[in-house]
Structure formats: structure tokens, C-alpha cells
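Before any comments, here is the structure.
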Amino acid sequence: MPGPAPDERMRPKGRRNTQGIRVDPEAEVTHEPRQAVLSALVKHRPGVLSEVSALFSRRQFNIESLTVGPTVDEDTARMTILIEEPEPGIDQAKKQLRKLVPVISVRELEGEAVRRELALVKVSGEKPDDINAVADMYNGQAVDASTDSVTVEITGSKQKVDAAIEAFKQFDVQEIVRTGAAALERGPNTLEKDV
Amino acid sequence: MSERASVPKEEDETEPETEQEPVTTGAQSVIRALENAGTDYVFGVQGGAIMPVYDALYDSDINHVTMAHEQGASHAADAYGIVTGDPGVCFATSGPGATNLVTGIADANMDSDPVIALTGQVPTEFVGNDAFQETDTVGITQPITKESYFAADSDTVGDDVSEAFALADAGRQGPTLVDLPKDVTQGETEVEPGRPETPETYEVPEEADDENVQEAAEALAEAEHPVILSGGGVIKANASNALREFAKEYEIPVITTMPGIGSFPEDHELSLEWAGMHGTGYANMAITNTDCMLAIGTRFDDRLTGGVDSFAPDAEVIHVDIDPAEISKNIYADYPLIGDAREVLRQLFDAMPRAPDADEWRDQCQTWKDEYPMDYDTPDDEPLKPQYVVEQFSEMTPDDTIVCTGVGQHQMWASQFWEYTEPRTWVSSHGLGTMGYGVPAAIGAKLAAPDQEVVCFDGDGSFLMTVQGLSVAVREQLDITYVVLNNEAVGMVRQWQDGFYEGRRMASEYPWIPQFDKLAEAFGARGFTLESYDNVEETIQEARDYDGPSVIDAHIDPGENVFPMVPSGGDNGQFALNEDHLDMI
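Keeping their order, the protein sequence lines are chains A and B.
According to our numbering, the first sequence is numbered sequentially starting from 1.
According to our numbering, the second sequence is numbered sequentially starting from 196.
Set out below in C-alpha cells:
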């Protein structure tokens, strides 16, 4: 006796969302993206940066910035990666990152972690006094000046750097470079040890 | 020691012999590292930049199988890895040699098959200069390996190979690659390679957290509609016996994934065979209606799940995997158990408070088996049905027979209508879906298990992609039976065009395909043709009896399609049994 046709078969009432999580069939559940700061210790050797950046690109994780630099241990480098993903994506990014062989450890830094980035802003040099005044407001300083241009260095949180750049727009901004965020946990904890 | 249907050959001693000559070059150190790791066979193709390594191989006891194309070398190594459980090894030169390996490496990566690829590279001083046969092999392969190494020094190149070998085998298996610049392999060194050890950053979980195991076991015992979903990881972890004991003790129906075929005997009453796009109707009904799924060693690929929204929507999921990155990647795990499948199954076995009360559910599964049997018609007035050829072959051969395939309709028929009972007897390309996998894979499988019968089902399109491998099977006198289920088309594409593209058969029909029996004879193999039901058994028997490679060109019904079918992204429970059903869903 052949069984029922496709649309006549018994079916469960439940369903899953796109992340594979069981959800209330009646309610629409979406995970809002949030920003996370991932800090990773990696082996300091050729190819690691491309391995990490390729991972984020091929798995379609949204990264806002990625910085890398040496640590006190010359064999180890630290990467700071800002990603913006819904919750399951952040967790997945951490696990995929940890899986790369040159990656020693990965941690998401808490929201209150110290986050800094640096920007250099080159503006028209017509109003040096005004430029210095704005730079002062953001604890920045002019690091280069010519008859036609002034370059100002700003360091701080992303919000502060954004605001500073906005303020400098009145001076005919000619060029901007930003480093992306570097971050460390507050307090005595490190990636290698929890205190 | 892997779980094998039989033990085909004596295990080689892995301890290096004490009277080995000391190494004098980087290349010798590379070969020594392979010897230390217990390598029996290398599949490869010669070329300029890899010549020093081949020169060192001249003095080694390792057998080298010269392949007709590097793609075949990587597939043969892959199949060797599947059948033995130990990394298969392939060699290629720089540039085109390395890029030809890529398909096989990607295939191994998708299916977690242990493979180590060693590629020649131009001398270090030319790297980056676009030298002859230079390509960025590490850059190309990094995304498709567990790790790709660039050997920087003659003194450490042996260690690189040892580590790559260990890494391919450890934890979740997969491919690794070491790129070998010619000056590094030619360079002098007296440094012997270290023992194969995984890198210090690589952690391999063994047992799962006891508390999590306890909670999972209680959830499973409480279930009314429990199923086990057994993936390829069960076979990779040599956990098939542990799975069988667990399922039988607690009487839980078992569904496998395609790579999990063979992890549980398909002739057992608890078996529902495999689920997914072309899985059995009963497996797809059970996986849709389960309330608790013990999923082991599976990555919930889209060909298994169909649309995620309708995949086991009422089920609590217990997910056992050795790779933490697979947990909740595609399907949320209510009970994540990170560890080795065999260890965790043992833990779960002990932690189960009782068997689930599932008499009714098992009856329901049986009803589905009765309602949606895997059968097909064989009308006299229609051409030969491929299912019949597969089924006949299955009945004529011992349980430990190894089946290799290409990719396409023939692969589905070979997986649906052959009865699998033993692990490591199903050798196929799942995740990457590589047409052309079959011919070289059968070579690797046969050398891995010379005492087991090896049959390769292929399609006409798939066979033609790697047919040059027949020359290798002939030269090595490998007793392989190739069955080309020939419908003069890339049949799966043709099936989709008929189903979803209004029958617009663009570039899918192959009426220009050669006569494969004659082609086989040209290579020095035996060739047969099969056109009717009258001589199916007789032809199969003749081909099996021939001591060497044979090819049966089976002209099958060109209109035959693969069913059941869950359209891409569809609801597994709404599988179609025929073309009419496809219009309903």
C-alpha cells in the first residue's frame, strides 16, 4: 500500500530559523547583529594574516577592522578583529578562528574593554589656529605641517575618532587613514591567563 | 588500527629500522619522515621541481604509483585514506602539477579524508618572480587544507612533513600540504625528521564533558521518537562497532548520512538507510518526525537537511563531534558533546538510564518502510534500468566489497541499491561532488585493500573526466570492475533540466560519448557491453572473473531519474517519489 503523497503526509508543527534553532512557529525571531571584539594570539609567522583574513571572507563574516602586531613574545602576534554578526555568527567566528592551526587562543573582549584606534587626518593648511583648536578638543596634535596642509593625529575610541573626523570636515579634508581598533581587557586578565 | 571489513595485509612496522642510512639532503629527510609515519604507497606524477624528492624515493621501500594525471593522484590518495584510515600520500610538481592536485585536496577537505600532499616548488630565490612553473601553492591550498606548510629550510623540512602527516590524521581528519622548494629538498642536511606530532596549538578532544553526556542520555531516554543520525565521522573514528552496540542495546532506529554509509548494517531491522535529497522515504520521514536526534560525526550538510526550517523541527539535537566548529554551525545543538565519536558513544552507553519507550515509533518506522519501499519497475519494453544492475552486482559480491563511484545519478543509484553492511566499503565524493572521482579512487582503494573486491560505478560523463586512470589500473594489474551506467548524458543535470528548467537540455546530452568497451580494450583492460536484462549476471560474472581491470559499458534507460528526491532547500518529509510528486511540492 503506497504511502500518502508529499502534501498529505504527517508533518511536525515546529520549525527552525535560518540559524537552525528551533523557534516558535508563530513568532518571528531574528537575531540582531551586534559588534564584538575578538582578540587572538597567533603564531608570528608568514601567511598568518592572510589565513585569518581569508577565513573571514570565505565564511562571510562581516569584519569592520582587523589589526595585527607583535607582542612581548617575539614568536607571538596579537590580532584584534571587530566583527558585526548576529549572536550565532560571533560564536561561529570564534570557533572557526580557533581552528586555524597558527591560532593559539581566541577570546571575545567584554564591552568595557579598552579600545583605541589611531587616525591621521590631512586637512588644508589655511586655518592652522582653528585646526589646532579642534585638535585640542579631541586631545589630538598636529604631527606635520606645510604651507598647504596640516596632518593631525587622533587617538581614542571609535566614537571619538569618528567625531573628530566629522569636526575636521570643516577644513577641507584631503586624506584620512585609520588603523582600526586595538583592544585589551580591563583588569589583570590576559588572553593567556584568567586572574 | 582501523575497523576494516577484513585485514588485507600485515601492518607495517612503524618503528624506523636502526640500520637506516643517515639522511644527507632535505629530500631524503622528506622521504624518511614518510617512512617513519608508516607510508606504504605514494600516488604521484614526476616533474621538474619535485625531482629531488623522487630521486630520494628511488632508494626507499615506499611503493610509488605513477598516475596519469595529478588529479588522479589526489583522489587515489584520498580513497587510500578512506579505506585504510591512515593518510594517503600524493606527490606533484610545482605549478600545473600542484594546481591539478587541488580538486582532490578540496574533495578530501570537504569529506574529512586524511591526505598529505607534497608539492615541488621553484627554488626559494625565484619564489615571487613568476618563475617557470611557479604558482602560489600555499596560497591556493590554504583554504582547502587543515594547514599548508611552506618548507623554508633543509634542516626542518623533514619535521614539516612529519607534522603535516600527524595533523592530517589527528582529530577531525583532513588534507595537509607541504610545499617543497627545490633548493630546500636539494640542500644538504644531516637532520633526521622528528616523530610525527601535531602542532602544539592543535587540541584533540577525546571524552565529552560527563555532565553534558548525562543530560544528553536522559533526553534520549525520555524521547518518544528517537533516532540516531550516523555520519562519516563514525567511520573515521572507528566507532561503527560502538554505534552498533549502542543502537541495538537501546533499540533506536539508525539513519546514516551518505558519508556514514556502512557505519550501520543496512540489512538490520533498525536501519532506515540514509536520509537527504535522494535518501530513502522512510529515513526522511523519520528524520522529519523525530523528537530527539543523536547526531554523530555529521556536519548537517544542506543535501542532508534540505531546508533548515523544516529539518527535524521538533527534535532536540544531541550533537557529537570532534570539531567544536561544527557544533551549532548549521543546526543548533541542544546537547553539544565535543569528543571522539567512539569515546562519547561509550560514555553515552554507560550514561543511559534506560532505553527509550519507543515501540510505537519503531512500528511507525516500519510502516514507512512498507509505504515507501525502494523499488523500481523493470518493464520488458524499456531499456535496462540502472538500479537492477547495481542490485544484481550487490547480490553477487561479498559483504566486504568496496564500492567506489563518480558523481551524479549513478552515484545515487549505487548508494541506494547496493546493500552496505561494513564501514570503509563506500568510497565516494560527497561534499565537493567531484565528477571523475571514481576511476582513480578505485585504484587507491584496491591498493589499500588488495584482498577485497573493488567495484566502481561511474557515469559516462564522470568516467570520461578521468578515464586516463585506466592506464594505471592496467599497468598495476589491479583487479577492479568498472561499471559505467551509460545514459549518454550528464544525467543529474538532465534530470534537473527536465524537472526545473522546462526540459531545456542545454549541454547535458552526450550522444558523442565513445564506446567504453572498446576504449577499455585500447587501454589493455577488458571491455564488455550490457544492453539488456538477459545477460546482466553473466556479464558481471565475466568481468569479476577477469584478473585485471575490466569495464562494463552498461547502456541504461536514458530517461531514468533518481527518486526519492527532495528538491534543493525543500522539506525532507515531502520527498517526491516521481515526476508528478515534484509538481505538487
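Every residue gets a Cβ at the ideal spot worked out from N, C-alpha and C, and that includes glycine.
**Asked** Does the pairing of the region 299 to 311 of chain B with the region 361 to 369 of chain B give three or more beta-carbon distances under 8 Å?
**Response** Output reads yes: the region 361 to 369 of chain B touches the region 299 to 311 of chain B.
*Return the CA-CA distance between L375 (chain B) and A287 (chain B), expressed in angstroms with no decimal places.*
For the purposes of this step, residue 375 (chain B) is taken as the residue at position 180 of the second sequence. For the purposes of this step, residue 287 (chain B) is taken as the residue at position 92 of the second sequence. Spanning the two alpha carbons is a distance of roughly 10 Å.
With DSSP run on the structure shown, which of helix, strand or coil describes F327 (chain B)?
-> In the second sequence, counting from the first residue as 1, residue 327 (chain B) sits at position 132. In the structure shown, the three-state DSSP call for F327 (chain B) is coil.
Check: In chain order, what residues of the same chain have a beta carbon less than 6 Å from the beta carbon of I154 (chain A), not counting five sequence neighbours either side?
Finding: For the purposes of this step, residue 154 (chain A) is taken as the residue at position 154 of the first sequence. Closer than 6 Å at Cβ, skipping near neighbours: A119, Y138, G140, V161, A164.
Three Cβ pairs or more, each shorter than 8 Å: is that satisfied between the region 388 to 402 of chain B and the region 424 to 435 of chain B?
Inter-segment contact for the region 388 to 402 of chain B and the region 424 to 435 of chain B is absent: fewer than three beta-carbon pairs are separated by less than 8 Å.
**Asked** Cβ of H463 (chain B) less than 9 Å from any chain A Cβ?
**Response** Taking the second sequence and counting its residues from 1, the one referred to as residue 463 (chain B) is at position 268. By this cut-off, H463 (chain B) is not an interface position.
How many whole angstroms separate the CB atoms of S349 (chain B) and G243 (chain B), which I take to be in contact at a CB cut-off of 8 Å? Along the second sequence, read from residue 1 onward, the residue named residue 349 (chain B) stands at position 154. Along the second sequence, read from residue 1 onward, the residue named residue 243 (chain B) stands at position 48. Between the beta-carbon of S349 (chain B) and that of G243 (chain B) there is about 18 Å, and that puts the pair past the 8 Å contact cut.
Review point. Can you list, in chain order, the residues of its chain whose CB lies under 8 Å from that of P783 (chain B), leaving out five sequence neighbours each side?
Key: In the structure displayed, chain B extends from 196 to 780; residue 783 (chain B) sits before or after that span and is not available.
Q.
According to DSSP, is M79 (chain A) part of a helix, a strand, or is it coil?
A. Position 79 of the first sequence, counted from the first residue, corresponds to residue 79 (chain A). When DSSP states are grouped into helix, strand and coil, M79 (chain A) belongs to the strand group.
Outcome for T219 (chain B) when other beta-carbon atoms lying within 10 angstroms are tallied against a minimum of 16
Taking the first residue of the second sequence as 1, we reach residue 219 (chain B) at position 24. With fewer than 16 Cβ atoms within 10 Å of its Cβ, T219 (chain B) is classed as exposed.
*Using 8 Å as the cut-off, classify the Cβ of A550 (chain B) as near or not near the heavy atoms of the ligand ADP, replying yes or no.*
As presented, the structure is devoid of all ligands, the ligand ADP included, so that no description of it is given.
Next on the checklist: So, for I63 (chain A): in the same chain, excluding its five sequence neighbours on each side, which residues have a beta-carbon less than 7 Å away from its beta-carbon?
Outcome noted: The residue labelled residue 63 (chain A) in the question sits at position 63 within the first sequence. The answer, listed in chain order, is F56, I81, L82, I83.
Compare the beta carbon distance of P6 (chain A) and H473 (chain B) with 9 Å and say whether it is the shorter of the two.
-> Against the first sequence, residue 6 (chain A) aligns to sequence position 6. Against the second sequence, residue 473 (chain B) aligns to sequence position 278. With respect to H473 (chain B), P6 (chain A) sits apart: the two C-beta atoms are not nearer than 9 Å.
Using a cut-off of 8 Å between C-beta atoms, extract the partners of H776 (chain B) located in chain A.
As a position in the second sequence, residue 776 (chain B) is number 581, starting the count at 1. Those are A5, P6, listed as they occur along chain A.
Mind reading off the beta-carbon distance from W608 (chain B) to Y615 (chain B)? Whole number of angstroms is fine, and I expect it under 8 Å. Residue mapping note: residue 608 (chain B) aligns to position 413 of the second sequence, counting from 1. Residue mapping note: residue 615 (chain B) aligns to position 420 of the second sequence, counting from 1. Contact flag wrong, Cβ pair sits at about 13 Å.
*asked:* Taking the straight line between their C-alpha atoms, what separation do you get for M10 (chain A) and I638 (chain B)?
replied: Position 10 of the first sequence, counting from 1, holds the residue named residue 10 (chain A). Position 443 of the second sequence, counting from 1, holds the residue named residue 638 (chain B). Their Cα atoms are separated by approximately 45 Å.
Exposed or buried, Q223 (chain B), counting other C-beta atoms within 10 Å across all chains shown (16 or more means buried)? Looking up residue 223 (chain B) in the second sequence gives position 28. With 16 or more other Cβ atoms within 10 Å, it is buried.
With 16 other CB atoms within 10 Å as the buried threshold, where does Q606 (chain B) fall? Here residue 606 (chain B) refers to the residue found at position 411 when the second sequence is read from its first residue. The residue in question, Q606 (chain B), is buried, as its Cβ has 16 or more Cβ neighbours within 10 Å.
Determine which residues of the region 476 to 498 of chain B have a Cβ less than 8 Å from any Cβ of chain A, and write them out in chain order. Cβ contacts with chain A: G476, M480, T483, N484, F495.
- [ ] Check whether the Cβ of L49 (chain A) lies closer than 9 Å to any Cβ atom in chain B.
- [x] For the purposes of this step, residue 49 (chain A) is taken as the residue at position 49 of the first sequence. Judged by the 9 Å Cβ criterion, L49 (chain A) is not in contact with chain B.
Query raised in the report: To the nearest angstrom, how far is it from the Cα of R16 (chain A) to the Cα of V503 (chain B)?
Result: Against the first sequence, residue 16 (chain A) aligns to sequence position 16. Against the second sequence, residue 503 (chain B) aligns to sequence position 308. Going by the C-alpha atoms only, they are around 6 Å apart.
Margin query: If contact is defined by three or more beta carbon pairs under 8 Å, each pair taking one atom from either stretch, is the region 583 to 600 of chain B in contact with the region 556 to 563 of chain B?
Written below: Taking 8 Å as the limit for Cβ pairs, the verdict is that the region 583 to 600 of chain B does not touch the region 556 to 563 of chain B.
Which residue or residues does DSSP assign as beta-bridge partners of P370 (chain B)? As a working note, residue 370 (chain B) is residue 175 in the second sequence. Answer is B:V310.
- With a cut-off of 9 Å, does the C-beta of M79 (chain A) fall near any C-beta of chain B? As a working mapping, residue 79 (chain A) is identified with position 79 in the first sequence. Output row for M79 (chain A): interface = no.
| field | Rounded C-alpha distance that separates G280 (chain B) from P618 (chain B) | value | Looking up residue 280 (chain B) in the second sequence gives position 85. Looking up residue 618 (chain B) in the second sequence gives position 423. Computed Cα separation, rounded: 11 Å.
Query - For R16 (chain A), the residue or residues it bridges with in DSSP - result: Working through the first sequence from its first residue, we reach residue 16 (chain A) at position 16. Answer by DSSP bridge pairing, in chain order: A:R22.
Exercise. If you measure beta-carbon to beta-carbon, which residues of the region 331 to 355 of chain B are closer than 8 Å to chain A?
Worked result: Per Cβ criterion, the list reads V333, G334, Q337, P338, K341, E342, F345.
Only counting the same chain, and skipping five residues up and downstream in sequence, which positions put a Cβ closer than 7 Å to that of G290 (chain B)? As a first step, residue 290 (chain B) is located in the second sequence; it is residue number 95 there, counting from the start. Same-chain partners within the cutoff: Q328, E329, T330.
| task | Check whether the region 759 to 771 of chain B touches the region 697 to 715 of chain B, taking contact to mean three or more Cβ pairs, one atom from each stretch, closer than 8 Å. | result | Segments in contact, no.
Worksheet item: Curious, which full-length beta strand (DSSP E) runs of at least 3 residues does the region 265 to 310 of chain B contain?
Response: If we require 3 residues or more, the beta strand (DSSP E) runs fully inside the region 265 to 310 of chain B come out as 283 to 287.
Worksheet entry | D594 (chain B) versus L680 (chain B) - alpha carbon distance | In the second sequence, residue 594 (chain B) corresponds to position 399, counting from 1. In the second sequence, residue 680 (chain B) corresponds to position 485, counting from 1. Rounded to whole angstroms, the gap between the alpha carbons of D594 (chain B) and L680 (chain B) is 22 Å.
Self-check item: Positions along the region 380 to 404 of chain B whose CB lies within less than 8 Å of some CB in chain A
Solution: When CB distances to chain A are screened at a threshold of 8 Å, the residues of the region 380 to 404 of chain B falling below it are P394, T396, Y397, in chain order.
Just how far apart, CA to CA, sit I245 (chain B) and I257 (chain B)?
As a first step, residue 245 (chain B) must be located in the second sequence, where it is residue number 50. As a first step, residue 257 (chain B) must be located in the second sequence, where it is residue number 62. Going by the C-alpha atoms only, they are around 16 Å apart.
Interface partners of D509 (chain B) on chain A, CB under 8 Å: The count along the second sequence starts at 1 and reaches residue 509 (chain B) at position 314. For D509 (chain B), the chain A residues whose C-beta falls within less than 8 Å of its own C-beta are P12, K13, G14, R22, listed in chain order.
Collapsed DSSP secondary structure at W707 (chain B) in the structure displayed: The sequence position of residue 707 (chain B) within the second sequence is 512, counting from 1. It is coil, neither helix nor strand.
Q. Starting from L772 (chain B) and walking both ways along the beta strand (DSSP E), at which residues does that stretch end?
A. On the second sequence, position 577 is the one that residue 772 (chain B) refers to. No beta strand (DSSP E) contains L772 (chain B), which DSSP labels as neither H nor E.
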